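Numbering-wise (numbering that gives the first Met the number 0), the sequence shown opens with residue 0 and increments by one.
Even glycine gets a Cβ: it sits at the ideal position worked out from N, Cα and C.
The model shown is predicted, which means the values in this text are computed figures rather than measured ones.
Down below is the structure, laid out as structure tokens.
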Amino acid sequence: MPLKGRWLIAGLVAAFSILLITACHRTGNDKDDNFTGLKVKVLVGSALGDFCNQAAQKFNSTQPKLDNGTPFQIKCEAQGSGDVVTKLVSLGNQFKNGTVQADAEEFPTIVSVDGEIYQSQLIYRMNQLFPGQKYIPEIIDSPLLADSPMVFMAQADIADGLRKTPDLYKALVTAKTHRDIDPAAPVQPVHYVHNAPTRSNSGLQTLVAQYASVSSKRPEQLTTTDVQQFQPQIQQIQSKITRYGISTNSLAKAMVKNGPYWASVASVYEESVIAANSHLQPGQQRYEAVYPKATFTSNMRAILPNAPWVSADEKAAAQKFIAYLRSPEIQKIATDLGLRPGTPGVSLGTKFSQEFGVNPQAKYDSLRPPQPEVVEAMLKSWQEVAKKASLVVMVVDSSGSMEGEKLSAAQNTLKNYINNLGPKEQIALIDFDSQIRPPVLVDGTPQGKERGLQFLSELTADGDTKLYDAALNARNWLQQNLRPDAINAVLILTDGEDTNSQISLEQLSQELQKSGFNSDQRIGVFTVGYGNEGEFNADALKKIAELNGGYYSKGDPETISRLIADLQVEF
0 MPLKGRWLIA GLVAAFSILL ITACHRTGND KDDNFTGLKV KVLVGSALGD FCNQAAQKFN
60 STQPKLDNGT PFQIKCEAQG SGDVVTKLVS LGNQFKNGTV QADAEEFPTI VSVDGEIYQS
120 QLIYRMNQLF PGQKYIPEII DSPLLADSPM VFMAQADIAD GLRKTPDLYK ALVTAKTHRD
180 IDPAAPVQPV HYVHNAPTRS NSGLQTLVAQ YASVSSKRPE QLTTTDVQQF QPQIQQIQSK
240 ITRYGISTNS LAKAMVKNGP YWASVASVYE ESVIAANSHL QPGQQRYEAV YPKATFTSNM
300 RAILPNAPWV SADEKAAAQK FIAYLRSPEI QKIATDLGLR PGTPGVSLGT KFSQEFGVNP
360 QAKYDSLRPP QPEVVEAMLK SWQEVAKKAS LVVMVVDSSG SMEGEKLSAA QNTLKNYINN
420 LGPKEQIALI DFDSQIRPPV LVDGTPQGKE RGLQFLSELT ADGDTKLYDA ALNARNWLQQ
480 NLRPDAINAV LILTDGEDTN SQISLEQLSQ ELQKSGFNSD QRIGVFTVGY GNEGEFNADA
540 LKKIAELNGG YYSKGDPETI SRLIADLQVE F
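Structure, rendered in structure tokens:
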């Protein structure tokens with residue numbers, strides 16, 4: 000089989016009605032793009048990304064060779080675990096249909112996901128695609144690289160009450176404040192965050208744990224009938240959501256930055272608590288991990304497919320790298336990152352301590368995955384019923400500087416966003432330049448999507464950039480049309496600095512904070528600077544977003560589709 004050549008960082012063909020997009024920021028080792036030997040691609044879940052990249056860099060520096068003398072290098076790419084599964088299944092489908100060859104550079108040699116639920120889904124879906132072939136090995140045949148148990152994350156005054164609660168998910172069904180959970184807790188509303196289960200392993204493990212809790216069943220005992228029966232209780236838990244995340248560590252860091260009125264409790268990995276406490280800024284409080292009596296361990300394994308797209312040389316190289324990853328020296332990289340080692344006998348290290356909010360001796364009952372068809376039913380139920388509803392006002396800059404490739408790329412990106420609206424999602428589209436036009440309300444119905452596509456077809460680039468006025472106009476409209484019991488947010492896409500507004504940045508900032516997460520309206524603001532640095536005021540966009548529970552991102556015509564699709568997952 001020919002060696003795989005240059006690297007291709009591919010977009011994802013998403014499952015469960017999600018866009019072609021990745022969940023997490025791509026990472027890699029681009030030390031030598033001119034390397035002509037065997038290149039071994041490793042596709043891992045986001046929690047293992049830093050470990051894989053640091054290990055690969057050290058491994059490549061040894062100039063590894065196969066026993067036959069062939070030099071090889073490792074390249075890691077990190078994506079959400081759901082996206083990893085989707086990508087491999089999509090490539091497998093293309094291979095089966097003859098549109099992708101076995102030696103295609105898109106195929107990864109080693110795969111890893113951040114837990115055994117998504118690993119079980121990968122086995123199930125590939126067995127459906129290739130009956131009897133068993134291209135993906137059984138879970139126990141894939142070596143363990145690291146793990147990180149799922150925990151609740153909260154500040155100390157709230158964490159104490161959570162530890163006293165026998166079953167926190169059951170308590171979240173009815174609790175409105177933390178005082179409802181623990182009489183000694185602060186009278187603090189319950190604001191909850193976790194990742195989207197369709198893209199993230201931590202999100203999926205959280206959803207499964209919620210079903211196991213409210214049904215009083217082990218996950219492997221759950222049935223599709225149980226999914227329907229306990230759907231209302233899951234919906235009650237989801238009603239406390241502030242927003243959904245795409246990266247567990249980023250969600251934990253946002254929780255620290257924004258404080259308990261943004262989110263008072265989160266479902267994250269233990270290593271996310273360590274990471275958040277490792278980067279505390281002056282004035283920020285330390286957070287603690289609360290270990291449920293039963294939780295998912297998040298076993299992260301090295302999966303080496305027994306498939307036609309893995310050549311003999313690639314398999315040999317992969318086996319050498321997997322052995323390297325499990326060596327005590329390299330396992331220390333994992334523990335330094337807050338991951339528990341996959342190799343017995345490796346010590347945890349200094350970060351597993353109360354100083355970093357975790358318990359090195361934590362005891363819990365490790366949960367096992369449900370049947371794959373039950374997981375699919377859970378995901379479908381979450382998307383269509385249980386997921387918290389949203390209303391997002393999208394403020395689209397159509398000033399003269401958007402002319403050409405910028406506008407067409409933005410239109411195509413927003414078209415994908417509209418076409419992927421779910422039954423729980425609404426958006427209001429506002430077009431601005433020198434003028435601010437009335438919003439167009441769009442939802443997931445055929446009629447709603449048609450209104451959105453009509454809006455896009457009528458966009459033309461002309462005029463100035465009335466950015467601050469348009470942002471305030473969007474917030475004011477949302478205040479008047481606030482969607483009850485939903486995620487309400489403003490998303491601003493602009494390629495230029497404000498040139499014609501009646502209000503200043505300072506006045507806008509003061510106004511937006513009146514409807515932020517310290518208010519009953521809880522309107523988040525997100526900003527996207529579109530184009531090259533210097534064409535827009537990044538500092539202003541950061542200020543607008545970060546004071547209001549959102550964040551700023553930078554995009555260009557090549558990256559805007561991925562960026563906006565990741566944002567869509569949060570609502």
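Continuous alpha helix (DSSP H) assignments of at least 4 residues falling wholly in the stretch 315-401: Scanning the stretch 315-401 from its first residue to its last, the whole alpha helix (DSSP H) runs of 4-plus residues come out as 327-335 and 371-380.
Exposure label - Pro-369; buried when at least 16 CB within 10 Å: In the sequence shown, the residue the question calls residue 369 occupies position 370. Buried is the call here.
message: Taking the beta strand (DSSP E) that Arg-300 belongs to, which residues open and close that run?
response: The residue labelled residue 300 in the question sits at position 301 within the sequence shown. Its beta strand (DSSP E) spans residues 298-300.
- prompt: Is Lys-64 helix, strand or coil when you go by DSSP?
  reply: Numbered from its first residue, the sequence shown carries residue 64 at position 65. Strand at Lys-64.
task: Classify Leu-562 as helix, strand or coil using the three-state DSSP reduction.
output: The residue given as residue 562 occupies position 563 in the sequence shown. Residue state for Leu-562 is assigned as helix, using DSSP reduced to three classes.
- request: Check whether the Cβ atoms of Asn-499 and Thr-444 sit closer than 8 Å, and answer yes or no.
  value: Residue numbering aside, residue 499 sits at position 500 when the sequence shown is read from its first letter. Residue numbering aside, residue 444 sits at position 445 when the sequence shown is read from its first letter. The Cβ-Cβ distance between Asn-499 and Thr-444 does not fall below 8 Å.
message: Tell me the rounded alpha-carbon separation between Glu-219 and Arg-124.
response: Looking up residue 219 in the sequence shown gives position 220. Looking up residue 124 in the sequence shown gives position 125. For Glu-219 and Arg-124, the distance between alpha carbons rounds to 18 Å.
message: Please report the distance separating the alpha-carbon of Glu-532 from that of Leu-492.
response: On the sequence shown, residue 532 is found 533 positions in, with the first residue counted as 1. On the sequence shown, residue 492 is found 493 positions in, with the first residue counted as 1. Distance between the alpha carbons of Glu-532 and Leu-492 is about 14 Å.
task: Give the range of the alpha helix (DSSP H) segment to which Gln-434 is assigned.
output: Locating residue 434 in the sequence shown gives position 435, counting from the first residue. In the DSSP annotation of this structure, Gln-434 is not part of any alpha helix (DSSP H), being labelled neither H nor E.
- request: Leaving out five residues on either side along the sequence, give the residues of the same chain with a beta carbon under 6 Å from the beta carbon of Gly-81.
  value: Here the question's residue 81 lines up with position 82 in the sequence shown. Only Thr-197 and Arg-198 meet the Cβ criterion.
query: Would a C-beta distance cut-off of 8 Å place Val-524 and Gly-549 closer than the cut-off?
result: Along the sequence shown, one-based indexing puts residue 524 at 525. Along the sequence shown, one-based indexing puts residue 549 at 550. For Val-524 and Gly-549, yes; Cβs fall inside 8 Å.
- prompt: Hey, would you say Val-41 sits closer than 8 Å to Ile-109, going by beta carbons?
  reply: In the sequence shown, residue 41 corresponds to position 42, counting from 1. In the sequence shown, residue 109 corresponds to position 110, counting from 1. Taking 8 Å as the Cβ cut-off, Val-41 and Ile-109 qualify as a contacting pair.
query: Quick one: is His-193 buried, meaning 16 or more other Cβ sit within 10 Å of its Cβ, or exposed?
result: On the sequence shown, residue 193 is found 194 positions in, with the first residue counted as 1. Around the beta carbon of His-193, 16 or more other beta carbons sit within 10 angstroms, so the residue counts as buried.
Secondary structure of Val-524, DSSP reduced to three states: What you label residue 524 is simply residue 525 of the sequence shown in a count that begins at 1. Three-state result, Val-524: strand.
- request: Could you tell me how far apart the beta carbons of Gln-479 and Ile-302 are, in whole angstroms, since I believe they sit closer than 8 Å?
  value: Translated into positions along the sequence shown, residue 479 becomes position 480. Translated into positions along the sequence shown, residue 302 becomes position 303. Incorrect: roughly 51 Å between the Cβ atoms, too far for contact.
- prompt: Roughly how many angstroms separate the alpha carbons of Ala-211 and Gln-204, rounded to a whole number?
  reply: For the purposes of this step, residue 211 is identified with residue 212 of the sequence shown, where counting begins at 1. For the purposes of this step, residue 204 is identified with residue 205 of the sequence shown, where counting begins at 1. Ala-211 and Gln-204 have their C-alpha atoms spaced approximately 10 Å apart.
task: Between the Cα of Gln-280 and those of Asn-298, Phe-295, Lys-292 and Lys-252, spot the shortest distance and give me the residue it belongs to.
output: For the purposes of this step, residue 280 is taken as residue 281 along the sequence shown, with counting starting at 1. Gln-280 has its Cα closest to that of Lys-252, out of Asn-298, Phe-295, Lys-292 and Lys-252.
task: Measure the alpha-carbon distance for Lys-405 versus Asp-432 and round it to whole angstroms.
output: Here residue 405 refers to the residue found at position 406 of the sequence shown. Here residue 432 refers to the residue found at position 433 of the sequence shown. For the pair Lys-405 and Asp-432, the Cα-to-Cα distance works out to about 15 Å.
- prompt: Are the beta-carbon atoms belonging to Ile-522 and Leu-477 less than 8 Å from one another?
  reply: Taking the sequence shown and counting its residues from 1, one reaches residue 522 at position 523. Taking the sequence shown and counting its residues from 1, one reaches residue 477 at position 478. Contact annotation: Ile-522 and Leu-477 have beta-carbon atoms nearer than 8 Å.
task: Can you give me the Cβ contacts of His-24 inside the same chain, cut-off strictly under 7 Å, excluding the 5 residues immediately before and after it?
output: Position 25 of the sequence shown, counting from 1, holds the residue named residue 24. In this predicted model, His-24 has a pLDDT of only 35, less than 50, meaning its place in the structure is not dependable enough to derive any value.
query: How would you label His-190, buried or exposed, when you count the other beta carbons within 10 angstroms and need 16 or more for buried?
result: Position 191 of the sequence shown, counted from the start, is the residue given in the question as residue 190. By the neighbour-count rule (16 or more Cβ atoms within 10 Å), His-190 is buried.
- request: Would you mind stating whether Ile-426 and Val-394 have Cβ atoms separated by less than 8 Å?
  value: If you number the sequence shown from 1, residue 426 lands on position 427. If you number the sequence shown from 1, residue 394 lands on position 395. Taking C-beta atoms as the reference points, Ile-426 and Val-394 fail to come closer than 8 Å.
Where Pro-130 falls, given that 16 or more other Cβ within 10 Å makes a residue buried: Reading the sequence shown from its first residue, position 131 is the one you call residue 130. So Pro-130 counts as exposed.
- request: Look at Phe-34 and Ala-316 and say whether their C-beta atoms are less than 8 Å apart.
  value: By one-based count along the sequence shown, residue 34 stands at place 35. By one-based count along the sequence shown, residue 316 stands at place 317. Their beta carbons are not under 8 Å apart, which means Phe-34 does not touch Ala-316 by this criterion.
query: So is His-278 buried or exposed if we call it buried at 16+ other beta carbons inside 10 Å?
result: Translated into positions along the sequence shown, residue 278 becomes position 279. Burial is judged here by how many other beta carbons sit within 10 angstroms of a residue's own beta carbon; His-278 has fewer than 16 and is exposed.
Pair within 8 Å by beta-carbon distance, Glu-270 and Leu-338: Counting from one through the sequence shown, the residue named residue 270 turns up at place 271. Counting from one through the sequence shown, the residue named residue 338 turns up at place 339. A distance below 8 Å separates the beta carbons of Glu-270 and Leu-338.
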